[in-house]
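What follows is one structure encoded as structure tokens, with my remarks underneath.
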Amino acid sequence: MKRIAVLIVDDHTLIRDGIQALLALVADVDVVGEAANGREALAKVRQLLPDVVLMDLAMPVMSGFEAIRRIRREFPATKVIALSQYNDSEYVMPAIEAGACGFVTKMAAFSELAAAIHEAQRGDAYLSPSAATALVERCREKSLSDESEDSYGRLTDREREVLKLVAEGHTVREIADMLVLSPKTVDWCKTSLMRKLAIHNKTELIKYAIRKRVISL
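All the letters of the sequence shown, read from the start, carry residue numbers 602 to 818 under this note's numbering.
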């Protein structure tokens, strides 16, 4: 059985000691070293050549994000698993983009960490369920944002004018007078732009206009 050499990186001694004590219970894992910040982690990787690095993200001197990037660039065979007390997309996405092959929250059960180490050693990815949920939500939001960008780009100049004025609270009659158009034409433009944006009422339209900075609060 090939043993997995693991480096633990965290700026809290108690966290490092706790993880090391738990990993001592895993038959095929050897903790070969510890580091208290990203810079020290990079030096330890160069010295020890671990198979897997457990990397805290919020640390002094050099953040875990930067350390992950450097380790992956210099030692592509070394797998890095991000550790964090936060599970929102502002931490998950940057860690994955930096090169982490896994993300485990510090609130997770120890079995998750052990599973992540074994998955990493096999060349697979592992995300704690809460981190996976955050990642899916982030992707969904990005998809909706991209769709929003595309939809706005399909509006005509006249439809954009009507969007702005409706969002500002003007009535169809007022907009018609301002743009020198018939109320029927303004109403048609309003219906057309709402269809293109998949917006169904004025409240959604105002929120969209604020989000797109068509109007400001």
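Beta carbons: idealized from backbone N, C-alpha and C, even for Gly.
Just so it is clear, the structure is predicted and the values come from calculations on it, not from any experiment.
Asked: Local conformation of residue 685 per DSSP, three classes; Found: strand
Asked: Residue 618 in three-state terms, based on DSSP; Found: helix
Asked: Proximity of residue 681 and residue 701 at Cβ, strictly below 8 Å; Found: yes
Asked: Supposed close pair residue 753, residue 813 - CB separation, criterion 8 Å; Found: 6 Å
Asked: Residue 816 versus 785, 719, 693 and 771, residue with shortest Cα-Cα distance; Found: 771
Asked: Element boundaries [beta strand (DSSP E), containing residue 636]; Found: 630-636
Asked: Alpha carbon of residue 625 to alpha carbon of residue 720, nearest angstrom; Found: 18 Å
Asked: Cut-off 7 Å between Cβ atoms - residues of its own chain near residue 620, not counting five sequence neighbours on either side; Found: 609 and 655
Asked: Beta-carbon contacts of residue 760 that lie in its chain and below 8 Å, excluding the five residues immediately before and after; Found: 790, 793, 794 and 797
Asked: Limits of the unbroken beta strand (DSSP E) element including residue 608; Found: 605-610
Asked: Cβ of residue 772 within 8 Å of any chain C Cβ; Found: Absent from the structure: chain C. Only one protein chain is present.
Asked: Residue 656 - DSSP class collapsed to helix/strand/coil; Found: strand
Asked: Per-residue burial, residue 662 [other beta carbons within 10 Å of its own, 16 or more giving buried]; Found: exposed
Asked: Whole-angstrom distance between residue 762 and residue 707, CA atom to CA atom; Found: 50 Å
Asked: Assigned exposure category for residue 614 - 16 Cβ within 10 Å defines buried; Found: exposed
Asked: Same chain only: Cβ atoms within 7 Å of residue 627, ignoring 5 sequence neighbours per side; Found: 715
Asked: Buried versus exposed, by CB contacts within 10 Å (16 or more), residue 804; Found: exposed
Asked: Own chain, CB closer than 6 Å to residue 642, minus 5 neighbours either side, in chain order; Found: 610, 636 and 668
Asked: Buried or exposed (CB count within 10 angstroms, at least 16 for buried), residue 645; Found: buried
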